[in-house]
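Q:
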Amino acid sequence: MRTILVALVAGAMAIGAAPSARAHAFLDHASPAVGSEVPASPPVVTLWFTQDLEPAFSGVTVTNEAGQRVDLGNAQIPRDSPAELHVGLKPLAAGTYLVSWHVVSVDTHPTEGTFTFEIKP
Amino acid sequence: MRPTLYYGQLAQLALAASLVIAQTSSALAHGIAGERFFPATILTDDPFVADEISLPQVTTSPPAPDGARGTDVEIDLAKRITPDIGVIIGDRWQRLKPTDTPAVTGLGALRTTAQYQLFVNGPHQALGLLGLTATWAHTGRVQALGAPDFTTLSPTFDFGKGFGDLPRSLPYLRPFAITGNLGFDFPTKVESAGSPNPTNFFYGFAFEYSFPYLECCVKDIGLRAPFNQLFPLVEVSFSTAMNRGLGGQTTGTIQPGIIWAGPYFQIGAEAILPTTRLTGHGYGGVVQLHFYLDDLFPRSIGKPISEWW
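Here it is as structure tokens:
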């Protein structure tokens, strides 16, 4: 019984370690941080994901409390950091801002999410 | 000759086509509705079609009312046929130790399930699924282990709801989610070895708190791996007999535990606490190793069969 279990778990771990595997891209962390307060308008919002992204199908927007876009529309994935997505911001006043992202990982799995940050001088 | 460009364009076209196919489907597999990821739960059937395998799930049941103890090693394979239609096949190896006789071992009954993804609502993080499970007669050790000598058909409605759509003024409630099952067991034989086989109404729920959701979409409180991938949860499940002289008799368990979900697999562990005298006494436990085939093999067996060609 114990041998069977050990063999099953070992086999399963081997499958899990398959080097060619890719997975869904989930948000790992962001700057400004999810749900954070910052003292001044940040020049850029940067998102780091758990997997590499497909640039043609990934994007991020930032809106103010009135629903107006306040990003510069220049969302980009750096060549040397394919799991990172950033977008420039206009100078922002105090208030709460909504970051909405949608990405496709390199294995074609789509994911999306939103979070807010607050500028509180 | 521009072979590089040609192959590059071909690759882009193929990617675009696969994305169109994936995004026109209402089901994305892997338990995702909008920005909510639902892990596969141990006791409560998942409200989504998927390409996943539990390999293995090991259960030590609480002692039965007569004192017998059981240990199961179970395997379940879920496979999408199309983006919205899936099947599950599962079986278990059982060891039963009565109080005063030697232990017996063998296979339990084979279970197969056909599923249809009724809806996936991203903005409200809601999922609905219809399923029909058949537990097949004479596919396990009937006399020694009590495996059924009759087939049971079990239509079910499975649902999931994340609470991320609560107002942002309630931040720490938004990571909560619930999944649940409602269904009936219809045995195809009214009696076996002198005992009635009643129709059962079963219902179960999983209440979970998603640390990944807290971190990604509510507030980054600084959790890092492995803690930012945890789902503390409590599962409950009940089955109530409805007829054949057993009406009202209920069995059920409460299972508090935790799931860790990584990119390619998840691990879960729960205690098993019986809720009625008919269920047993004391406590048991269950652990599960569960793989996401759609993430491990995204371009082959992890895709719906309808997209293999």
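Same order as they appear, the protein sequences are chains A and B.
Each number in the numbering used here comes from the position in the first sequence (counting from 1) with 98 added on.
Each number in the numbering used here comes from the position in the second sequence (counting from 1) with 1 added on.
Note that the Cβ used here is the ideal one computed from N, Cα and C, for glycine as well.
Leaving out five residues on either side along the sequence, give the residues of the same chain with a beta carbon under 6 Å from the beta carbon of B/Ile22.
A: The residue labelled residue 22 of chain B in the question sits at position 21 within the second sequence. At B/Ile22, the pLDDT of 37 sits below 50, so the modelled position is not reliable and the matter cannot be decided from this model.
Q: With burial defined as no fewer than 16 other Cβ atoms inside 10 Å of the residue's Cβ, what is the status of B/Ile302: buried or exposed?
A: Residue mapping note: residue 302 of chain B aligns to position 301 of the second sequence, counting from 1. By the neighbour-count rule (16 or more Cβ atoms within 10 Å), B/Ile302 is not buried but exposed.
Q: Quick check on DSSP: helix, strand or coil for A/Val143?
A: What you label residue 143 of chain A is simply residue 45 of the first sequence in a count that begins at 1. Reduced to three states, the DSSP call for A/Val143 is strand.
Q: Can you give me the start and stop residues for the alpha helix (DSSP H) that B/Leu297 sits inside?
A: Numbered from 1 along the second sequence, position 296 holds the residue referred to as residue 297 of chain B. From DSSP, the alpha helix (DSSP H) with B/Leu297 extends over 294 to 297.
Q: Taking Cβ positions only, does B/Glu216 come closer than 8 Å to chain A?
A: Position 215 of the second sequence, counted from the first residue, corresponds to residue 216 of chain B. It does; some Cβ of chain A falls within 8 Å.
Q: What separation, rounded to the nearest whole angstrom, lies between the Cα atoms of A/Ala181 and B/Ala69?
A: As a working mapping, residue 181 of chain A is identified with position 83 in the first sequence. As a working mapping, residue 69 of chain B is identified with position 68 in the second sequence. Looking at the two C-alpha atoms, the distance is approximately 53 Å.
Q: At what residues does the beta strand (DSSP E) containing B/Trp261 begin and finish?
A: By 1-based counting over the second sequence, the position of residue 261 of chain B is 260. That run of the beta strand (DSSP E) goes 251 to 262.
Q: Who pairs with B/Asp92 in a beta bridge, going by DSSP?
A: In the second sequence, the residue the question calls residue 92 of chain B occupies position 91. DSSP lists B/Ile76 as partners of B/Asp92.
Q: Taking the beta carbon of A/Ala121 as the centre, do at least 16 other beta carbons fall within 10 Å, making it buried, or is it exposed?
A: Counted from its first residue, the first sequence places residue 121 of chain A at position 23. Flag for A/Ala121 reads buried.
Q: Does DSSP put B/Phe39 in a helix, a strand or coil?
A: The residue labelled residue 39 of chain B in the question sits at position 38 within the second sequence. Of the three classes helix, strand and coil, the one that applies to B/Phe39 here is coil, per DSSP.
Q: Could you list the residues in the segment 128 to 154 of chain A with a C-beta less than 8 Å from some C-beta on chain B, going in chain order?
A: Result list: Ala128, Ala131, Val132, Gly133, Ser134, Thr148, Gln149, Glu152, Ala154.
Q: Name the DSSP bridge partner or partners of B/Ser240?
A: In the second sequence, residue 240 of chain B corresponds to position 239, counting from 1. Beta-bridge pairing links B/Ser240 to B/Phe203, B/Thr252.
Q: Using CA coordinates, which residue listed in A/Glu163, A/Phe147, A/Ser134, A/Pro141 is at the minimum distance from A/Trp199?
A: Along the first sequence, read from residue 1 onward, the residue named residue 199 of chain A stands at position 101. Selected option, being the one with the closest Cα: A/Phe147.
Q: Quick test of your reading: B/Phe185 and B/Asn201, contact by CB under 8 Å. State the CB separation rounded to the nearest angstrom.
A: For the purposes of this step, residue 185 of chain B is identified with residue 184 of the second sequence, where counting begins at 1. For the purposes of this step, residue 201 of chain B is identified with residue 200 of the second sequence, where counting begins at 1. That pair is a contact at about 7 Å.
Q: Using 8 Å as the threshold, is the C-beta distance between B/Gly285 and B/Phe239 below it?
A: Counting from 1 along the second sequence, the entry for residue 285 of chain B is found at position 284. Counting from 1 along the second sequence, the entry for residue 239 of chain B is found at position 238. No, the pair does not count as a contact, with Cβ atoms beyond the cut-off.
Q: What are the boundary residues of the beta strand (DSSP E) that includes B/Gln58?
A: Along the second sequence, one-based indexing puts residue 58 of chain B at 57. Where B/Gln58 is concerned, the enclosing beta strand (DSSP E) stretches over 53 to 61.
Q: What is the DSSP secondary structure of A/Val202, counted as helix, strand or coil?
A: Translated into positions along the first sequence, residue 202 of chain A becomes position 104. Looking at A/Val202 - three-state DSSP - the assignment turns out to be strand.
Q: Please list the terminal residues of the continuous beta strand (DSSP E) segment that includes B/Ser155.
A: On the second sequence, residue 155 of chain B is found 154 positions in, with the first residue counted as 1. Taken as a continuous stretch (DSSP letters only), the beta strand (DSSP E) holding B/Ser155 covers 153 to 163.
Q: Compute the Euclidean distance between the alpha carbons of B/Arg37 and B/Gln126, then round it to the nearest angstrom.
A: Position 36 of the second sequence, counted from the start, is the residue given in the question as residue 37 of chain B. Position 125 of the second sequence, counted from the start, is the residue given in the question as residue 126 of chain B. Each residue's alpha carbon lies about 6 Å from the other.
Q: Output needed for B/Pro264: all residues of its chain with C-beta closer than 7 Å, excluding positions within five of it in sequence on either side, in chain order.
A: Taking the first residue of the second sequence as 1, we reach residue 264 of chain B at position 263. Within the same chain, B/Pro264 has close Cβ partners Asp296.
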